[in-house]
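FYI, the numbering for the sequence shown is 1 to 76, going by the working numbering.
The C-beta atom is built at its ideal place from N, Cα and C for all residues, glycine as well.
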Amino acid sequence: MYEFLQFMVRYIPFWCVPGFFIFMPFGYLFWLKDIRSLAAFFFACGLVCSLFVFYWAYSGGPDVAVQNFINAVRSF
Numbered sequence: 001m002y003e004f005l006q007f008m009v010r011y012i013p014f015w016c017v018p019g020f021f022i023f024m025p026f027g028y029l030f031w032l033k034d035i036r037s038l039a040a041f042f043f044a045c046g047l048v049c050s051l052f053v054f055y056w057a058y059s060g061g062p063d064v065a066v067q068n069f070i071n072a073v074r075s076f
């Protein structure tokens, strides 16, 4: 499980950027169809993806993001 989390944190841009570009248009589509609960779900998923990418970039890249994540989990 530990290696899987390291892998997911290290390669955040490779799954979050496509996720963002998939979730946001679906959110907009459901917003236009007046299905607000699904729109909110897809917009929230897109927001989480963008926050992960901002965290990855702010922390300094793949290796530093993994180290910061490991330190945060250990201190928790």
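**Message:** Using CA atoms only, rank isn't needed, just tell me which of A72, V53, D63, Q67 is closest to P18.
**Reply:** Numbered from its first residue, the sequence shown carries residue 18 at position 18. It is V53 whose Cα lies nearest to the Cα of P18.
**Asked** So does the region 64-76 actually touch the region 35-44, counting three or more Cβ pairs closer than 8 Å?
**Response** no
**Request:** Would you decide whether W15 is buried or exposed? Buried here means 16 or more other CB atoms lie within 10 Å of its CB.
**Result:** Taking the first residue of the sequence shown as 1, we reach residue 15 at position 15. Result: exposed.
**Supposed contact pair W31 and P39 - C-beta distance, whole angstroms, cut 8 Å** = As a first step, residue 39 must be located in the sequence shown, where it is residue number 39. As a first step, residue 31 must be located in the sequence shown, where it is residue number 31. Position check: residue 39 holds Ala in this sequence, whereas Pro was assumed. Indeed they touch by this definition, with Cβ atoms about 4 Å apart.
**Asked** Between the C-alpha atoms of I12 and S50, what's the straight-line distance to the nearest angstrom?
**Response** Along the sequence shown, read from residue 1 onward, the residue named residue 12 stands at position 12. Along the sequence shown, read from residue 1 onward, the residue named residue 50 stands at position 50. So the two alpha carbons sit approximately 10 Å from each other.
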